[in-house]
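Structure, as structure tokens:
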Amino acid sequence: MPEPLLKVDGLQKRFGRGKNAYQALTDVSFEVGQGEIVGLVGESGSGKSTIIRCLVGLEKEDAGTISYDGIDPVSASKADLRRYRREVQMVFQDPYSSLDPRMTVQEILEEPMLVIGGFSPADRRARIHELIDMVGLLPEHLTRHPRHFSGGQRQRIAIVRSLVVDPRVLLCDEPVSALDVSVQAQVLNLIKDMQRRLDLTVLFVSHDLAVVKYLCTRLVVLDKGVIAETGDVPAIYDAPQDPYTRALMEAVPVPDPVLERARRARRLEAAR
Amino acid sequence: MDTTTPLLTLDRLSVSVPERERIGGGVGDLTLVEELSLQIRPGERVALVGESGSGKSMTARSILRLDPHLRLAGSIRWKDQELVGAPERRLRRVRGREISMIFQDPMTALNPVLTIGEQVAEPLTVRGMPKRKAHAKAVEMLDRLGVPKAKERMRAYPGQFSGGMRQRVVMAAALVAQPDLLIADEPTTALDVRVQEQVLDLLEEQSREMNLAVLFITHDLGIVAGLAHRVAVMLRGCLVEERTVDDLFTCPEHPYTRGLIGSVPRLDADPDVRLKTVADYMSTEGATTHA
Amino acid sequence: MTDVNTATAHASAAGIGRALGTGARRLLGGRRVGIVDKLAFALVALLVVVAIVGLVVTPHDPFGVDTKQALLPPGAGHLFGTDDVGRDVLSRMLAGAGRTLLVAVGIVIASTAIGVAVASLAALAPRWLDETIMRVCDILMSLPSLVLALGLAAALGPSMTSIVLAMIATSWPATARLMRNILRETMTSSYVESARILGMSRIRLMRHHVLPNSLDAIYVQASMEIAGTIVMISGLAFLGVGAPPPSPDWGSLIAAGQDYITTAWWIALFPGLAITVAAIAFGLAGDAIRSSVDPSSRRS
Numbered sequence: 001m002p003e004p005l006l007k008v009d010g011l012q013k014r015f016g017r018g019k020n021a022y023q024a025l026t027d028v029s030f031e032v033g034q035g036e037i038v039g040l041v042g043e044s045g046s047g048k049s050t051i052i053r054c055l056v057g058l059e060k061e062d063a064g065t066i067s068y069d070g071i072d073p074v075s076a077s078k079a080d081l082r083r084y085r086r087e088v089q090m091v092f093q094d095p096y097s098s099l100d101p102r103m104t105v106q107e108i109l110e111e112p113m114l115v116i117g118g119f120s121p122a123d124r125r126a127r128i129h130e131l132i133d134m135v136g137l138l139p140e141h142l143t144r145h146p147r148h149f150s151g152g153q154r155q156r157i158a159i160v161r162s163l164v165v166d167p168r169v170l171l172c173d174e175p176v177s178a179l180d181v182s183v184q185a186q187v188l189n190l191i192k193d194m195q196r197r198l199d200l201t202v203l204f205v206s207h208d209l210a211v212v213k214y215l216c217t218r219l220v221v222l223d224k225g226v227i228a229e230t231g232d233v234p235a236i237y238d239a240p241q242d243p244y245t246r247a248l249m250e251a252v253p254v255p256d257p258v259l260e261r262a263r264r265a266r267r268l269e270a271a272r
Numbered sequence: 001m002d003t004t005t006p007l008l009t010l011d012r013l014s015v016s017v018p019e020r021e022r023i024g025g026g027v028g029d030l031t032l033v034e035e036l037s038l039q040i041r042p043g044e045r046v047a048l049v050g051e052s053g054s055g056k057s058m059t060a061r062s063i064l065r066l067d068p069h070l071r072l073a074g075s076i077r078w079k080d081q082e083l084v085g086a087p088e089r090r091l092r093r094v095r096g097r098e099i100s101m102i103f104q105d106p107m108t109a110l111n112p113v114l115t116i117g118e119q120v121a122e123p124l125t126v127r128g129m130p131k132r133k134a135h136a137k138a139v140e141m142l143d144r145l146g147v148p149k150a151k152e153r154m155r156a157y158p159g160q161f162s163g164g165m166r167q168r169v170v171m172a173a174a175l176v177a178q179p180d181l182l183i184a185d186e187p188t189t190a191l192d193v194r195v196q197e198q199v200l201d202l203l204e205e206q207s208r209e210m211n212l213a214v215l216f217i218t219h220d221l222g223i224v225a226g227l228a229h230r231v232a233v234m235l236r237g238c239l240v241e242e243r244t245v246d247d248l249f250t251c252p253e254h255p256y257t258r259g260l261i262g263s264v265p266r267l268d269a270d271p272d273v274r275l276k277t278v279a280d281y282m283s284t285e286g287a288t289t290h291a
Numbered sequence: 001m002t003d004v005n006t007a008t009a010h011a012s013a014a015g016i017g018r019a020l021g022t023g024a025r026r027l028l029g030g031r032r033v034g035i036v037d038k039l040a041f042a043l044v045a046l047l048v049v050v051a052i053v054g055l056v057v058t059p060h061d062p063f064g065v066d067t068k069q070a071l072l073p074p075g076a077g078h079l080f081g082t083d084d085v086g087r088d089v090l091s092r093m094l095a096g097a098g099r100t101l102l103v104a105v106g107i108v109i110a111s112t113a114i115g116v117a118v119a120s121l122a123a124l125a126p127r128w129l130d131e132t133i134m135r136v137c138d139i140l141m142s143l144p145s146l147v148l149a150l151g152l153a154a155a156l157g158p159s160m161t162s163i164v165l166a167m168i169a170t171s172w173p174a175t176a177r178l179m180r181n182i183l184r185e186t187m188t189s190s191y192v193e194s195a196r197i198l199g200m201s202r203i204r205l206m207r208h209h210v211l212p213n214s215l216d217a218i219y220v221q222a223s224m225e226i227a228g229t230i231v232m233i234s235g236l237a238f239l240g241v242g243a244p245p246p247s248p249d250w251g252s253l254i255a256a257g258q259d260y261i262t263t264a265w266w267i268a269l270f271p272g273l274a275i276t277v278a279a280i281a282f283g284l285a286g287d288a289i290r291s292s293v294d295p296s297s298r299r300s
């Protein structure tokens, strides 16, 4: 594995109090190496999104440490925290709620640079134009509001927003699960391309093992807040060790009628 | 070719929003579905596939006329009656009893203040079946759909059920009156893969056992491969291809269909081979698409 | 010639109708405007114009006592008749429109401003402060505005100021509670979170993202409140909490006419009708704004 860039160690998180308390994460530790695309996989309630939300500070972990390139965001100096916020960016799941409906695309894309600071107007212009060109948007799109765009286009805008400040790490929280399958393919290809061109390190949260296989190099499987299995993608897909991983893998539908019917027959047979 | 009489025949069905109902203005009627023809026979499972905005849901909803402000043209023939222009009274007889429908979100499809039992038995009690008998039938249906301890859970409230269990309850309510056709509008989109598989299996099983026809609406061609007999593909309000499921997957004709199949990530595919997109197919054939 | 005149009249009427339609439509975010909505907006516009003009110009002097003209029924000289000291009822109503409608609008603007400010504070505050502010609002909401106004009037003497202060004091907490929940909800949307991740300050978050996206709800809340406020201040004035005679606000006009209700019904009836019409017009206009903002009636 390459040099670890992002480390999560002993992460614990509990939501709620008393009887309704719910342990979202139990002692979660893993590393993400420079240039890797790591898939964080699990069903709803597995805690996969909570990890990302802890990483960006939207949730506060109960215990455990996060470290990125030597920076622990909890105890970091102001300058280090600023660097962390710039270099670790996030893409949200729902492109319909992640763009401020009252802003133009231009304003949305400028915001991160204005908040982080240190970008001249010329820098801002140049970065926006360079990136929208890379993702296949046009300069005339900049003056429009998010409502004029389809889900796929919105997710491109959201990806550009996360990239304008030149991050090294991209945290993706199910960025394609709200999209149609046909649009999902375009966004997956886009993430793959951008990762290569900009040498990004990606942590990709998903519930879809087929998507993760296509995109990721390594895999962390989460089951009810506990890591079930980690490893390189080819190894795990060839021989999943954990029964939960195997169950998730077996449930992925195949777009082939003959195979699918055979699979169903086997399942029904096994149930009997 | 199947020669049984069709249960449902859509003949050049068009659905449009009249100008005065258009939200955000705009001139002229807005066509959502254009001259769509489709037949469903008893016990047949048909998948209607397309992207959001393709008109697939509108087609399904129009069969039961769930959006009364929309304008329908053409014909919807159900058994021996015409549903386009039929009085509301007649549609009510068809809805729920002969044709029922389940939706994407099992969380909002159930009324949180009524018990599971009341909701599953409702389609029967509403038509005057005695409470006790309806109750028994509801338990039987929940049991068939694999809800454990069905009898005890009749008194539970939807809030006490997980997403997958709720979708089973929704299905039980939809099937308890023994309809001839079930319209399923993206019923698994909000579910985890393992639960999705269970719901698809249940649908297939019930369809076979009850000789239930199913119209399955989805954006994901991948999940209908093992379920549907026939697949109809919609693009921008029009039907572009309709074939048996085997034909469609082995030799899709329309470039858009090929795009839909190509864009499904597969576990058995080489990750280094770039995922095809609809645009790849459409542009090479000279057609345009909106991303 | 007459034909041309009627034609122009028709054309300009149609023009005004269209202009109203587009104006209302812009206000309603592009939604198509029904005839009832149009009528409500037209009435509100008319009432506001009348209220402003009435403060300056009226057909007769609204305060001019002329006992020889007392208790004249509605007729050519005095369209709505005269009161017990010979003042023109219509003129007094016009003069009173501003003292009723504009005061109501002013009260709503003030209480909304206070409510939104408190709500923003609560939404940004740590949990304990948020809770405290909300409990204080609950306590204030439980004070009946009528009793508070009567108390204030006793302390300050009956005046319009007492009514205004009492109304503001009792209506902002409800706005604050509602707005705090709306602001909190807007704060959980991903676009606000995405700005938070970058380290944007909470005050800037509130100003840039949260408040602008909660404006719709603020407008709706305010517009719905005007109708109730009109009725409320008229009621308080009727009870004698408001400005002492000869103030022509509508509540006082009804109070002045109540002794003559069997003999000179017009003194109380016309102001009463005015209150009803104004409350309905503002109510319908508020309703139209609400339904245009309601996500269930709007698709993007």
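Chains as they are written, first to last, in full-length UniProt numbering: chain A, 1 to 272; chain B, 1 to 291; chain C, 1 to 300.
Where a beta carbon is used, it is the ideal one built from N, C-alpha and C, also for glycine.
Everything numeric in this text was worked out from a predicted model, so none of it was measured.
- Identification of chain C residues near A/Ser97 by a Cβ-Cβ cut-off of 8 Å yields Ser189, Ser190, Tyr191, ordered along the chain.
- A/Ile116 has a beta carbon lying within less than 8 Å of a beta carbon in chain C.
- When DSSP states are grouped into helix, strand and coil, B/Pro123 belongs to the helix group.
- The contact set of C/Leu198 on chain A, defined by CB atoms closer than 7 Å, consists of Arg85, Pro112, Val115, Ile116 in chain order.
- Our two residues, C/Gly86 and C/Ala279, have alpha carbons roughly 28 Å apart in a direct line.
- Put simply, the backbone Cα of C/Ile139 is about 51 Å away from that of A/Ser120.
- Excluding sequence positions up to five before and after C/Gly286, its CB lies within less than 6 Å of the CB of Ser223, Met224, all in the same chain and listed in chain order.
- For A/Pro101, at least one C-beta of chain C is nearer than 8 Å to its own C-beta.
- Under the three-state reduction of DSSP, A/Pro243 is assigned to helix.
- When Cβ-Cβ separations below 8 Å define contact, A/Met249 makes contact with chain B.
- Listed by position along chain A, the residues whose Cβ is nearer than 7 Å to that of B/Ala47 form an empty set, because the closest Cβ is around 11 Å away.
- Cβ proximity to chain B below 8 Å picks out His207, Asp208, Leu209, Ala210, Val211, Lys213, Tyr214, Leu215 from the segment 207-229 of chain A.
- In the displayed model, A/Lys7 falls within a strand according to three-state DSSP.
- A/Val233 sits away from A/Arg246, with the two beta carbons spaced by 8 Å or more.
- Ranked by Cα distance from B/Glu82, the options B/Arg71, B/Leu227, B/Ile63 are led by B/Ile63.
- Between B/Arg266 and B/Thr244, the CB-CB gap reaches or exceeds 8 Å.
- Of all C-beta pairs linking the segment 64-72 of chain C to the segment 105-117 of chain C, fewer than three are shorter than 8 Å, placing the two stretches out of contact.
- Taking A/Lys60 as the centre and dropping the five residues before and after it, the same chain places no C-beta closer than 7 Å to its C-beta.
- For B/Met101, the enclosing beta strand (DSSP E) stretches over residues 99-102.
- Distance from the CA atom of A/Pro101 to the CA atom of C/Asp130, rounded to whole angstroms, is 27 Å.
- At least one CB of chain B lies nearer than 8 Å to the CB of A/Asp180.
- Distances from the CA of A/Val211 to each of A/Cys172, A/Arg197, A/Arg264, A/Gly225 were compared; the closest alpha carbon is that of A/Cys172.
- Counted as a single uninterrupted DSSP element, the stretch harbouring B/Met234 is not any alpha helix (DSSP H) but the beta strand (DSSP E) occupying residues 230-235.
- Its Cα nearest to that of B/Ala190, the residue A/Glu43 stands out among A/Glu43, A/His141, A/Ala239, A/Lys213.
- Counting C-beta atoms within 10 angstroms of its own C-beta, A/His148 has fewer than 16 neighbours from the protein chains shown and is therefore classed as exposed.
- Contact check for B/Val264 against A/Val181 passes: the beta carbons are separated by less than 8 Å.
- Using a Cβ-Cβ cut-off of 7 Å, A/Val56 is close to Ile197 of chain C, given in chain order.
- Listed in chain order, the alpha helix (DSSP H) elements of length 4 or more contained wholly in the segment 187-212 of chain C are 190-197, 202-205.
- For C/Leu72, same chain residues with a beta-carbon under 8 Å away, outside a window of 5 residues either side, are His78, Gly81, Thr82, Gly86 in chain order.
- Nearest to B/Ala172 by C-alpha distance, out of B/Tyr157, B/Leu202, B/Glu197, B/Asp185, is B/Leu202.
- The residues Leu142, in chain order, have a CB closer than 6 Å to that of A/Gln106 in the same chain once the five nearest residues on each side in sequence are set aside.
- As DSSP reads the structure, A/Asp223 sits in a beta bridge with A/Val226.
- Residue burial is scored here from C-beta neighbours: C/Ser214 has at least 16 other C-beta atoms within 10 angstroms and is therefore classed as buried.
- Here B/Asp201 carries a helix assignment [DSSP, helix/strand/coil].
- Looking at the DSSP output, A/Phe30 sits in a beta bridge with A/Val8.
- Cα atoms of A/Leu248 and A/Pro240: separation of roughly 10 Å, rounded to the nearest angstrom.
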